[in-house]
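Residue numbers (this note's numbering): 1025 to 1135.
Cβ coordinates follow ideal geometry from the N, Cα and C atoms, glycine included.
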C-alpha cells in the first residue's frame, strides 16, 4: 500500500514503529494533515506511559489507544475496500484478521 501511495521509503512498513507512521500517513487526509506523525506520537506516548501509571489509568489509556487504532484501521479499510465496517468488526473479533485483510487488499486502488 505504501508503494502504491507513492511513499519514498515503502519498506518502512516492515519496521515495527515505522509502520505506525505509515498507517497514519495513509489516512492523513482524514486526520486533517500529518496523520503519520499524529499516530506515531500517540503510540509513543501510550508505550511510554503504560508501565509508569496506576493500573486504572493503564486500562483507560489502553482503551483510548485501542479505539484510536481501530479508527485508523477502519479509515484504511474504508479507503481501499468496499466492506470497511465488516472488516473492522472482524478484525476486532478475530486475531490476525486485520493483517490478512490488509495483505489481500494491498493492490486495490484507493477510492
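Spatial distance of residue i from residue j (CA atoms)
i: residue 1062; j: residue 1135; result: 23 Å
i: residue 1056; j: residue 1049; result: 11 Å
i: residue 1092; j: residue 1044; result: 12 Å
i: residue 1085; j: residue 1073; result: 9 Å
i: residue 1130; j: residue 1025; result: 5 Å
Helix, strand or coil at residue i according to DSSP, with G and I counted as helix
i: residue 1116; result: helix
i: residue 1092; result: helix
i: residue 1025; result: coil
i: residue 1066; result: helix
i: residue 1049; result: helix
i: residue 1033; result: coil
i: residue 1080; result: helix
Proximity winner among the options, relative to residue i (alpha-carbon distances)
i: residue 1041; options: 1060, 1028 and 1089; result: 1060
i: residue 1127; options: 1090, 1038, 1073 and 1079; result: 1038
i: residue 1090; options: 1108, 1116 and 1107; result: 1116
i: residue 1065; options: 1080, 1124, 1054 and 1046; result: 1046
i: residue 1121; options: 1132, 1080, 1097 and 1051; result: 1097
Residue i at chain D interface by Cβ criterion, 9 Å
i: residue 1124; result: This model lacks chain D altogether; it includes just one protein chain.
**Request:** Decide yes or no for the touch test of the region 1095-1102 against the region 1111-1131: beta carbon pairs closer than 8 Å, at least 3 of them.
**Result:** yes
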